[in-house]
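Worksheet: the structure to be examined is printed underneath.
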Amino acid sequence: MNTGSRLITPYDFDATATEVIDGVDLTGRRVVVTGGSGLGAETVRALAAAGAEVTVATRRPELAEPLVRELADVPAAGLVRAAALDLADLSSVDAFARAWRGPLDILVANAGIMALPERTVTDAGWEMQLATNFLGHFALAGALHGALHEAGSARIVVVSSGAHRWASFDFDDPHFERRPYDPWAAYGQSKTADVLFAVGARRWAVDGITANALSPGFILTNIQRHLDDDTLRAFGVMDEDGNLTPLPHYKTPAQGAATSVLLAASPLLDGVTGRYFEDNQEAEVARADAEGGGVAAHALDLAAADRLWEYAEDTVRAWSKAQ
Ligand SMILES: NC(=O)c1ccc[n+]([C@@H]2O[C@H](COP(=O)([O-])OP(=O)(O)OC[C@H]3O[C@@H](n4cnc5c(N)ncnc54)[C@H](OP(=O)(O)O)[C@@H]3O)[C@@H](O)[C@H]2O)c1
């Protein structure tokens, strides 16, 4: 395990997913990417083009079929298939993991939802963003632990967000049962949980499994679908006619997927675990209210990571028992 100083790579803000793994051969490697649109699709494209066999885990596998067909036509690309997975429903997570056969080299926990305007809960009563962005992925990684271990040297990549800086994890009320619901606090908390998940996963280093988290930057995708026009205008990405236009600091999807792909497949990440990256570099610790990038100390806190791991294990176990 690499516990050294901040990791520096040759790649910057502009690098694309393809560029960061140029020359890397993933033939024979088996990958799961959750979420088959937006950044997930770009991640699948880059990893499959490098030869990996990729399963796109998505709520609606039929929508991933064009991507599957596109990559079937790319010479030297690995086999790509789509399989059903609803992260907000642990019986679906369970079914996906039970159907998995053989080793798993790379799990990209990419799927997510952002800023649901009203408090929404899953059938299990969990706040929807926490359930989808974190608990579902935690349960999935746990259920696939044997397959990751079997790979000998496996990586988990957790797609977080710079929004993690806006909220620490509230162990007293993670599902907004007693405090007023706030869409961004709920999103931020779920993304802090994602970083803490990668930090807590250091316990799996002995099994040959590393985990790192990242922010992809700002990219116009379907993730903005819960934002109303006023919010999009306030962000500056919608003009008076309702057209969406990226701001200068926004990335293309191919650039937005680069840090995920770097963490998933670059040899630069061999043995590195429990860290947070942005713009293809390991981030520096920043104040929670700081403008710009960086990782909040509350997301790298070892005690919080261990406490969250215990909380998530208990939550998943209680759900299993109730079935
Ligand atoms: N775009 C940005 O600016 C930005 C910034 C920071 C972080 N991120 C993070 O990047 C990741 C990818 O987002 P994106 O920008 O590519 O957005 P996107 O195009 O909306 O992709 C999100 C994916 O998550 C899937 N998903 C949502 N709920 C799910 C569930 N219950 N089970 C399984 N899959 C589910 C969606 O599937 P459906 O098609 O079925 O809804 C979709 O494929 C997310 O984790 C997001 O939080 C994005």
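Residues 778 to 1100 (our numbering) are what the sequence shown spells out, left to right. Backbone N, C-alpha and C fix where the C-beta goes; we use that ideal spot for every residue, glycine too. The structure displayed is predicted, hence computed values, not measured ones.
Residues in the same chain with beta-carbon distance under 8 Å from residue i, minus the five sequence neighbours each way, listed in chain order, please.
i	result
residue 897	904, 905
residue 796	788, 1035
DSSP three-state label for residue i, please.
i	result
residue 1009	helix
residue 988	strand
residue 873	helix
residue 935	strand
residue 883	strand
residue 747	Residue 747 lies beyond the residue range present for the chain, which begins at 778 and ends at 1100; the question has no answer from this structure.
residue 842	helix
residue 822	helix
residue 955	coil
residue 1058	strand
residue 835	strand
residue 925	helix
Output needed for residue i: all residues of its chain with C-beta closer than 7 Å, excluding positions within five of it in sequence on either side, in chain order.
i	result
residue 779	Because the pLDDT of residue 779 is 46, which lies under 50, any placement of that residue in the model is unreliable, and the number read from its coordinates should be weighed accordingly. Excluding positions up to five away in sequence, the list reads 1048, 1049.
residue 871	920
residue 1099	none
residue 1038	794, 797, 798, 820, 823, 824
residue 1084	948
residue 853	828
residue 1082	973, 976, 977
Roughly how many angstroms lie between the CA atoms of residue i and residue j, to the nearest whole one?
i	j	result
residue 840	residue 782	42 Å
residue 880	residue 936	22 Å
residue 1066	residue 855	43 Å
residue 1096	residue 911	15 Å
residue 830	residue 1033	22 Å
residue 921	residue 877	8 Å
residue 1073	residue 1064	6 Å
residue 929	residue 900	36 Å
residue 1057	residue 800	17 Å
residue 1088	residue 1059	27 Å
residue 1086	residue 1007	37 Å
residue 947	residue 847	43 Å
residue 974	residue 1018	41 Å
residue 874	residue 860	11 Å
Does the Cβ of residue i have 16 or more other Cβ atoms within 10 Å, making it buried, or fewer, making it exposed?
i	result
residue 1055	buried
residue 1080	exposed
residue 833	buried
residue 785	exposed
residue 971	buried
residue 868	exposed
residue 807	buried
residue 981	buried
Grab me the residues of residue i's own chain with a C-beta within less than 6 Å of its C-beta, minus the 5 sequence neighbours each way, in chain order.
i	result
residue 956	950
residue 940	964, 965, 968
residue 909	864, 865, 890
residue 924	877, 880, 881
residue 1075	945
residue 926	984
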